[in-house]
Amino acid sequence: MNENVSDDLMHVESEQNLEINDVSIVDNNCSSTISNNDVSLYTVNRAFQESLASAFIKCNLTYSQGNIILNTLRSYKCHTFLPKDTRSLLNTPRDKTTVRSMYPGQYFHIGFKTSINNILKKTLSNQIPFVLEIDWSTDGAKVNKCETMQIWPIQISVIHPQTPKKKRLQQSSEQDSLP
Numbered sequence: 003m004n005e006n007v008s009d010d011l012m013h014v015e016s017e018q019n020l021e022i023n024d025v026s027i028v029d030n031n032c033s034s035t036i037s038n039n040d041v042s043l044y045t046v047n048r049a050f051q052e053s054l055a056s057a058f059i060k061c062n063l064t065y066s067q068g069n070i071i072l073n074t075l076r077s078y079k080c081h082t083f084l085p086k087d088t089r090s091l092l093n094t095p096r097d098k099t100t101v102r103s104m105y106p107g108q109y110f111h112i113g114f115k116t117s118i119n120n121i122l123k124k125t126l127s128n129q130i131p132f133v134l135e136i137d138w139s140t141d142g143a144k145v146n147k148c149e150t151m152q153i154w155p156i157q158i159s160v161i162h163p164q165t166p167k168k169k170r171l172q173q174s175s176e177q178d179s180l181p
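Everything in the sequence shown is counted per our numbering, starting at 3 for the first residue and increasing by one.
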């Protein structure tokens, strides 16, 4: 066996015990142990799914390639929590979009409430701020250089201010005492 390959294998074997934010994950027969009471197995699984989804996107995998990987991972007892389909992992919208004709063009509506809910679903519950700060913007853009057609998307982003927990509790109690 090549000496470099042997060293790589030893390096991989020495990293069987991973530690992520006080969460001890032991990779012996797919067993997981949680050393921090504040972190649940659900949170670890969700974080793993988000990392996997991010890797699928970065590698520009097709749905069928992703399904093969998910199927392989799900064949191990410790990964049965993963979805069977890449579209579920990536939270691909299932709804058909309705485009309405409106003079002088067309209108497509996703909805503010739906967008905010989608953003919050992707945020860990302990990281959702007490107050949501929303940034709005809109700008016209041509679909391509030759077309006269333009799109005017209304873009929103939720800004997550780092509000200390003590301050949030104080704000909450002040609001409760208001008439």
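Positions of the beta carbon are idealized from the N, C-alpha and C atoms, including for glycine.
{"Check": "Can you give me the start and stop residues for the alpha helix (DSSP H) that E52 sits inside?", "Outcome": "43-60"}
{"Check": "Using the rule of at least 16 other Cβ atoms within 10 Å of the residue's Cβ for burial, across every protein chain shown, is L43 buried or exposed?", "Outcome": "exposed"}
{"Check": "Using C-beta distances below 7 Å, list every residue in its chain close to T82, excluding the 5 sequence neighbours before and after it, in chain order.", "Outcome": "R76"}
{"Check": "T88: buried (16+ other C-beta within 10 angstroms of its C-beta) or exposed?", "Outcome": "buried"}
{"Check": "Go ahead and pull the three-state DSSP assignment for R102.", "Outcome": "strand"}
{"Check": "Roughly how many whole angstroms lie between the Cα atoms of G113 and S66?", "Outcome": "30 Å"}
{"Check": "Taking C-beta to C-beta, are L72 and K86 nearer than 9 Å?", "Outcome": "yes"}
{"Check": "Out of E149, A55, T140, which has the shortest C-alpha to C-alpha gap to T94?", "Outcome": "A55"}
{"Check": "Hey, out of T99, N146, S159, A143, whose CA is closest to L134's CA?", "Outcome": "S159"}
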